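Heads up, the thing below is written out as structure tokens.
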Amino acid sequence: MTKQYFVRVIGDYGQLGDMAFAEVSDRLDAQLMDIPDAHFSVRLSSVPVFDTIATGFMLAQLAVNSPLGDRHIFYVNTAPRKDKAQARVDNEGEGLVYAKLKNGVRIVAVNSGYSLALIKPFTDSIRLIKVSAAGSQFRSRDNFPVAVGAIARGDESLLGDDVTHTVPDALPKNAVVYTDGYGNLKCSIDPKDLDAHHGEKVTVEINGREQVAMVGTGIFAVADGEYCLAKGSSGWDLPDGSRMEFAEMVKRGGNASKSFGSPPGGIKVNWRS
13 MTKQYFVRVI GDYGQLGDMA FAEVSDRLDA QLMDIPDAHF SVRLSSVPVF
63 DTIATGFMLA QLAVNSPLGD RHIFYVNTAP RKDKAQARVD NEGEGLVYAK
113 LKNGVRIVAV NSGYSLALIK PFTDSIRLIK VSAAGSQFRS RDNFPVAVGA
163 IARGDESLLG DDVTHTVPDA LPKNAVVYTD GYGNLKCSID PKDLDAHHGE
213 KVTVEINGRE QVAMVGTGIF AVADGEYCLA KGSSGWDLPD GSRMEFAEMV
263 KRGGNASKSF GSPPGGIKVN WRS
């Protein structure tokens, strides 16, 4: 009986219609199409260029909360090559790693910046994959798909050293981590820090711009056209029984991101009553 599997590509290649997504998905199909008794659907998600914070947030939100278990594989490529400031030899960049989460989800990802920070508590190890990290400007097309194929077949012969210690333990606090399609800014602000201020107006400063916002119990707790800072819809349960949650900066009926100059992931969020 053929089993259905799902491969989620998270990449900073631009719009989903960009040729890079097509090339990567074609290479993945070539690696996966002949695996016996399995059918793989490749799905695509885009994150901003070089933004490892948005990448890490999206990966955790989708992988930790995945209802698909061991039938879900993530292939993650945001590779700004920021691990070394000097000139690179032969297009060499950050290495490729593998992690299996406690819910069975498997991840093949470039170990860049904060890309793996939020899934770190959910895996026993993050291991280097022994494929070339050089030799191509477009490694996620030319070098890395073979590793996805191996992992999909259950072949762990490419796995090398445990590099968990190289992954950050958390995202920066009180920062923008992701901008959704409505322009809502998901921020690494603990919603519990807002509890004592519900119903108050606060000044929020992001990216050198300020707006007055109401601290609400939900993002629709203000009139149309007004700003609200409240607990958002994203988050997940942590292994210790607590919960990771995020606050959102929202302009009801508008676009908060545009109001703050479209801030990238990592920009500090300051708020005061």
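Quick note: the sequence shown, position 227, residue 239 per our numbering, numbers continuous. In this text, a Cβ means the ideal position worked out from N, Cα and C, and glycines have one as well. Every value quoted in this text rests on a predicted model; they were computed, and no experiment measured them.
Query                                                                                                        : Result
N- and C-terminal bounds of the beta strand (DSSP E) containing A40                                          : Inspection of the sequence shows that residue 40 is occupied by Leu rather than by Ala. Where L40 is concerned, there is no enclosing beta strand (DSSP E), although the alpha helix (DSSP H) it sits in stretches over 31-44.
Boundaries of the alpha helix (DSSP H) in which Q73 is found, first to last residue                          : 64-75
Residue closest to S200, alpha-carbon to alpha-carbon, out of I279, A162, H177                               : I279
Per-residue DSSP class, three states only, for D252                                                          : coil
For R20, three-class secondary structure by DSSP                                                             : strand
Candidates E168, V175, I85, P79, of which the one nearest S124 by Cα                                         : V175
Three-state class that DSSP yields for K142 in the structure shown                                           : coil
Integer Cβ distance of V61 from D24, believed to fall under 8 Å                                              : 5 Å
For T90, three-class secondary structure by DSSP                                                             : coil
Three-state secondary structure (DSSP) of A159                                                               : helix
Q43 classed as buried or exposed, judged by whether at least 16 other C-beta atoms fall within 10 angstroms  : buried
Opposing strand residues paired with E168 [DSSP bridges]                                                     : The partner list for E168 (beta bridge, DSSP) is empty, contrary to what the question assumes.
DSSP-derived helix/strand/coil call for F232                                                                 : coil
V36 versus T14 - alpha carbon distance                                                                       : 24 Å
CA-to-CA distance, A259 to Y17, given in whole angstroms                                                     : 33 Å
I47 to R165 span [Cα, whole Å]                                                                               : 7 Å
Beta-carbon proximity list for E222, same chain, < 6 Å, skipping 5 on both sides                             : T215
Alpha carbon of I163 to alpha carbon of W248, nearest angstrom                                               : 26 Å
Option in A111, W283, A91, H84 with minimal Cα separation from R151                                          : A91
Status (buried if at least 16 other CB within 10 Å, exposed otherwise) for D63                               : buried
Straight-line gap, L206 to A242 (C-alpha atoms, nearest Å)                                                   : 7 Å
Classification of R284 by the beta-carbon crowding that lies within 10 angstroms, buried from 16 upward      : exposed
S271 classed as buried or exposed, judged by whether at least 16 other C-beta atoms fall within 10 angstroms : buried
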